[in-house]
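**Student:** Same order as they appear, the protein sequences are chains A and B.
Residues 1 to 158 in my numbering are what the first sequence lists, from first letter to last.
Residues 159 to 438 in my numbering are what the second sequence lists, from first letter to last.
Take this structure, written in structure tokens, and hold onto it; I'll ask about it next.
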Amino acid sequence: MKWLFPLLLVPALCRADPATLIHAAELKRAPATDAETVAQLAANSPVDALERKGGWTRVKAAAGEGWVKMLALRYSGPGEAKKGDSGITQLFNVARTGSSGTQVTTGVRGLDEQQLANAQPNREELAKMSRFAARPAAAAAFAAKGHLAAKSVEYPKP
Amino acid sequence: MKQALALLAALALAGPAHAQFNLRNLDINRLVDTVKNVSKATRTIPQSEEIEIGHDVAARLLGAAPLVADEHLQRYVNNVGRWLASQTERADLPWEFGVLDAPQVNAFAVPGGTIFITRGLLEKMHSESELAGVLAHEIVHVLKKHHLKAIQKGALASLTGEAASLTFRDMNPEAKQKLVAFGTEMYSRGLDKGDELEADRLGVVIAARAGYDAYGLPAVLQTLQAMNPADSAVALMFKTHPAPGERLDALANTMQPTLDAYASQPQLRDRFLMETKASR
């Protein structure tokens with residue numbers, strides 16, 4: 001039985017998402033424009049996307065493994081991947097918490113269109129939120145801890 | 159034509175009011191203002207009123223979904239958000255950030271500087287730079303008053319038979335209620351596509367200014383693009399925003415130099431996973 005566990009861990013360790021290239025792209029040895037080109041990938045090539053580093057994504061393609069520009073990738077479209085309905089699942093999970101075992105939907109809150117339309121103001125939560133606000137100086141100290149340095153970057157011309 | 163109708167409406171309204179005064183006391187200036195305001199259809203809502211309307215709208219959203227009961231998480235998101243907001247032209251607003259306890263994947267900007275993100279969206283993220291990208295997008299909606307302007311425009315259009323401009327002049331409780339109700343509805347109808355794409359472009363800039371990897375927002379858009387649009391968790395977000403693929407195309411077309419210039423700034427993956435793990 002023991003040998004099963006490492007096998008079960010494999011999918012969790014290397015998340016590979018099926019994707020396609022929206023245009024032809026160079027497969028690079030490293031995440032940089034001046035890195036060695038491993039292969040030329042044609043538009044619409046299927047790849048498995050593994051991880052992102054800045055503007056680059058590591059992929060596994062038929063021609064080999066390497067890095068492509070992240071914005072050249074689109075993940076598989078509707079009906080091809082990620083089937084399922086997490087919203088509905090969540091709703092049922094909440095609904096089934098009733099001790100009677102019947103599906104009681106009263107008290108289920110959330111942010112779908114209907115729930116938004118029926119929402120009544122909650123002033124206590126609003127007051128609570130204010131207490132969690134960060135002062136600018138505290139946020140700056142938090143940023144420094146993460147080695148985030150403020151830069152001067154212009155907005156694009158409209 | 160619309161303006162002419164509004165003008166007529168304002169004059170008709172001025173009729174009954176007129177009857178209460180004798181002619182000598184009639185406030186001609188006010189009447190002139192009314193007509194001017196209605197024909198202009200807008201006035202600049204002062205910042206204090208923007209904040210007040212925002213609080214009422216925020217209270218409604220909190221009525222739909224409360225905050226995630228995790229003070230540590232809430233303070234963490236406030237630190238990220240406040241640091242981003244400090245890099246903008248409206249740094250002086252009372253910025254507040256909240257994680258809503260809802261499975262739906264979404265984020266909301268409320269006039270006056272209140273930003274919400276859902277637990278459902280937070281769970282889809284992999285790093286602090288992704289969180290920063292989304293918060294920066296929402297911050298732009300506040301900077302540019304996208305919702306406030308839409309609320310004002312929509313409320314004016316719906317106030318047929320009422321003194322629209324007087325509503326905005328006096329901001330009486332009833333009129334304010336109307337604005338708040340309309341403001342909440344905004345989140346089900348969405349903004350103009352141009353506003354969303356502007357928030358993407360400027361959001362990338364704000365994240366870069368704050369020292370984050372500029373690809374945080376595109377990374378989240380790519381995650382969303384991979385989701386099944388038929389999933390009810392993304393239904394409202396997909397209805398109220400351009401398709402993620404279209405948003406990615408727009409960023410690639412307009413922001414590639416900025417994205418690449420700031421691509422190697424910190425993503426802060428580990429800090430994000432540590433600070434959010436209790437609620438993920």
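Cβ atoms here follow ideal geometry from the backbone N, Cα and C, with glycine treated the same way.
Here the structure is a predicted model, which means the values were calculated and not measured.
Just to check my reading of the structure: GLY64 of chain A and VAL47 of chain A have Cβ atoms closer than 8 Å, yes? What is that Cβ distance to the nearest angstrom?
**Tutor:** Taking the first sequence and counting its residues from 1, one reaches residue 64 of chain A at position 64. Taking the first sequence and counting its residues from 1, one reaches residue 47 of chain A at position 47. With 8 Å as the limit, GLY64 of chain A and VAL47 of chain A do not qualify as a contact, their Cβ atoms being about 10 Å apart.
**Student:** Out of A:ARG123, A:ALA133, A:ALA144, A:TRP67, which has the shortest C-alpha to C-alpha gap to LEU41 of chain A?
**Tutor:** Walking along the first sequence from the start, residue 41 of chain A turns up at place 41. Residue A:TRP67 is the option with its Cα nearest to LEU41 of chain A.
**Student:** From the DSSP output, in three-state form, read off LEU382 of chain B for me.
**Tutor:** The residue you call residue 382 of chain B lines up with position 224 of the second sequence. Correct three-state label for LEU382 of chain B: helix.
**Student:** Is any beta-carbon of chain C found at less than 8 Å from that of LYS60 of chain A?
**Tutor:** Judged by its chain identifiers, the structure shown contains no chain C, and its protein chains are A and B.
**Student:** Between the beta-carbon of MET354 of chain B and the beta-carbon of HIS399 of chain B, is there less than 8 Å?
**Tutor:** In the second sequence, residue 354 of chain B corresponds to position 196, counting from 1. In the second sequence, residue 399 of chain B corresponds to position 241, counting from 1. The identity of residue 354 of chain B in the sequence shown is Glu, whereas the question assumes Met. Yes, Cβ-Cβ distance for GLU354 of chain B and HIS399 of chain B is below 8 Å.
**Student:** Using a Cβ-Cβ cutoff of less than 6 Å, which residues in the same chain neighbour VAL298 of chain B once the five nearest sequence positions on both sides are dropped?
**Tutor:** On the second sequence, residue 298 of chain B is found 140 positions in, with the first residue counted as 1. Cβ within range, chain order: ALA357, LEU360, GLY361.
**Student:** Quick check on the burial criterion: 16 or more other C-beta atoms within 10 angstroms. Buried or exposed for LYS397 of chain B?
**Tutor:** Residue mapping note: residue 397 of chain B aligns to position 239 of the second sequence, counting from 1. Exposed is the call here.
**Student:** Using the rule of at least 16 other Cβ atoms within 10 Å of the residue's Cβ for burial, across every protein chain shown, is MET413 of chain B buried or exposed?
**Tutor:** For the purposes of this step, residue 413 of chain B is identified with residue 255 of the second sequence, where counting begins at 1. Answer is buried; the Cβ neighbour count reaches 16.
**Student:** Report the three-state DSSP secondary structure of LEU417 of chain B (helix, strand or coil).
**Tutor:** As a first step, residue 417 of chain B must be located in the second sequence, where it is residue number 259. Three-state DSSP puts LEU417 of chain B in a helix.
**Student:** Expressed to the nearest angstrom, what Euclidean distance is found between the alpha-carbon atoms of ALA365 of chain B and ALA43 of chain A?
**Tutor:** Your numbering for residue 365 of chain B matches position 207 in the second sequence. Your numbering for residue 43 of chain A matches position 43 in the first sequence. Computed Cα separation, rounded: 31 Å.
**Student:** Of all Cβ atoms in chain B, is any one closer than 8 Å to the Cβ of SER45 of chain A?
**Tutor:** The sequence position of residue 45 of chain A within the first sequence is 45, counting from 1. Not one chain B Cβ lies under 8 Å of SER45 of chain A.
**Student:** If you follow the beta strand (DSSP E) that LEU71 of chain A is part of, which residue opens it and which one closes it?
**Tutor:** What you label residue 71 of chain A is simply residue 71 of the first sequence in a count that begins at 1. Element bounds for LEU71 of chain A: n/a, residue is neither H nor E.
**Student:** Going by the DSSP bridge assignment, what does ARG58 of chain A pair with across the sheet?
**Tutor:** Translated into positions along the first sequence, residue 58 of chain A becomes position 58. BP columns for ARG58 of chain A point to A:GLU51, A:TRP67.
**Student:** Answer with buried or exposed for ALA388 of chain B, where buried requires no fewer than 16 other C-beta atoms within 10 angstroms of its C-beta.
**Tutor:** Indexing the second sequence from 1 puts residue 388 of chain B at position 230. By the 10 Å Cβ count, ALA388 of chain B comes out exposed.
**Student:** Which of helix, strand or coil does DSSP assign to THR33 of chain A?
**Tutor:** Translated into positions along the first sequence, residue 33 of chain A becomes position 33. Looking at THR33 of chain A - three-state DSSP - the assignment turns out to be coil, as it is neither helix nor strand.
**Student:** At a Cβ cut of 9 Å, what residues of the segment 238-251 of chain B count as close to chain A, listed as they run along the chain?
**Tutor:** Answer set for the segment 238-251 of chain B: VAL238, GLY239, ARG240, TRP241, LEU242, ALA243, SER244, GLN245, ALA249.
**Student:** Would a check of beta-carbon distances place THR276 of chain B closer than 8 Å to chain A?
**Tutor:** Your numbering for residue 276 of chain B matches position 118 in the second sequence. At least one chain A Cβ lies under 8 Å of THR276 of chain B.
**Student:** List, in chain order, every chain B residue whose beta-carbon is nearer than 7 Å to that of GLU125 of chain A.
**Tutor:** Here residue 125 of chain A refers to the residue found at position 125 when the first sequence is read from its first residue. Correct list: LEU220, PRO224, LEU225.
**Student:** Applying the criterion that 16 or more other CB atoms from any shown protein chain within 10 Å of the CB defines a buried residue, is GLN335 of chain B buried or exposed?
**Tutor:** In the second sequence, counting from the first residue as 1, residue 335 of chain B sits at position 177. When all chains shown are included, GLN335 of chain B counts as exposed.
**Student:** Can you give me, in chain order, the residues of the segment 349-368 of chain B that have a beta carbon less than 7 Å from any beta carbon in chain A?
**Tutor:** The segment 349-368 of chain B vs chain A, Cβ under 7 Å: ARG359, LEU360, VAL363, ALA366, ARG367, ALA368.
**Student:** Thinking C-alpha only, which one of B:PRO224, B:GLU281, B:GLY271, B:LEU382 is nearest ASP259 of chain B?
**Tutor:** Numbered from its first residue, the second sequence carries residue 259 of chain B at position 101. Out of B:PRO224, B:GLU281, B:GLY271, B:LEU382, B:PRO224 has the C-alpha closest to the C-alpha of ASP259 of chain B.
**Student:** Have a look at A:LEU27, A:LEU111, A:HIS23 and flag the residue whose alpha-carbon is nearest the alpha-carbon of TRP160 of chain A.
**Tutor:** Residue numbering for chain A in the displayed model covers 1 to 158; residue 160 of chain A lies beyond these limits and cannot be assessed.
**Student:** Counting only beta-carbon separations shorter than 8 Å, does ASP48 of chain A have a partner in chain B?
**Tutor:** Here residue 48 of chain A corresponds to residue number 48 of the first sequence, with the count starting at 1. Output row for ASP48 of chain A: interface = no.
**Student:** Do the CB positions of GLY369 of chain B and GLN423 of chain B come within less than 8 Å of each other?
**Tutor:** Numbered from 1 along the second sequence, position 211 holds the residue referred to as residue 369 of chain B. Numbered from 1 along the second sequence, position 265 holds the residue referred to as residue 423 of chain B. Yes; because the gap between Cβ atoms is below 8 Å, this pair is in contact.
**Student:** Kindly indicate which three-state DSSP category THR202 of chain B falls into: helix, strand or coil?
**Tutor:** Walking along the second sequence from the start, residue 202 of chain B turns up at place 44. Coil.
**Student:** Look up LYS151 of chain A in the DSSP assignment and say whether it is helix, strand or coil.
**Tutor:** As a first step, residue 151 of chain A is located in the first sequence; it is residue number 151 there, counting from the start. Here LYS151 of chain A sits in coil by DSSP.
**Student:** According to DSSP, what are the bridge partners of LYS179 of chain A?
**Tutor:** Here chain A covers residues 1 to 158 and nothing more, so residue 179 of chain A does not appear.
**Student:** From the beta carbon of VAL153 of chain A, is the nearest beta carbon of chain B less than 8 Å away?
**Tutor:** As a working note, residue 153 of chain A is residue 153 in the first sequence. Output row for VAL153 of chain A: interface = yes.
**Student:** Is it buried or exposed for HIS213 of chain B, if we count other Cβ within 10 angstroms and need 16 for buried?
**Tutor:** The sequence position of residue 213 of chain B within the second sequence is 55, counting from 1. It is buried - the Cβ of HIS213 of chain B has at least 16 other Cβ atoms within 10 Å.
**Student:** How big is the Cα-Cα spacing for MET395 of chain B and ASN118 of chain A?
**Tutor:** The sequence position of residue 395 of chain B within the second sequence is 237, counting from 1. The sequence position of residue 118 of chain A within the first sequence is 118, counting from 1. Approximately 18 Å, taken between the alpha carbons.
**Student:** What is the DSSP secondary structure of ASP358 of chain B, counted as helix, strand or coil?
**Tutor:** Taking the first residue of the second sequence as position 1, residue 358 of chain B is located at position 200. Reduced to three states, the DSSP call for ASP358 of chain B is helix.
**Student:** Below 8 Å, how does it come out for the segment 127-142 of chain A and the segment 232-241 of chain B: are there three or more Cβ pairs, yes or no?
**Tutor:** Contact between the segment 127-142 of chain A and the segment 232-241 of chain B is present, because at least three Cβ pairs lie under 8 Å.
**Student:** I need the DSSP call for PHE132 of chain A, collapsed to helix, strand or coil.
**Tutor:** Here residue 132 of chain A corresponds to residue number 132 of the first sequence, with the count starting at 1. DSSP places PHE132 of chain A in coil when its eight states are reduced to three.
**Student:** Spatial neighbours of GLU381 of chain B within its chain, please: C-beta separation below 6 Å, excluding the five flanking residues on both sides.
**Tutor:** Locating residue 381 of chain B in the second sequence gives position 223, counting from the first residue. Position check: residue 381 of chain B holds Thr in this sequence, whereas Glu was assumed. Only LYS282 meet the Cβ criterion.
**Student:** Quick check on SER422 of chain B - is its C-beta less than 8 Å from some C-beta in chain A?
**Tutor:** Taking the second sequence and counting its residues from 1, the one referred to as residue 422 of chain B is at position 264. For SER422 of chain B, the answer is yes, since a Cβ of chain A falls inside 8 Å of its Cβ.
**Student:** Going by DSSP in three states, ALA141 of chain A sits in which element: helix, strand or coil?
**Tutor:** Within the first sequence, residue 141 of chain A is the residue found at index 141, counting from 1. In the structure shown, ALA141 of chain A sits in a helix (DSSP, three-state: H, G or I).
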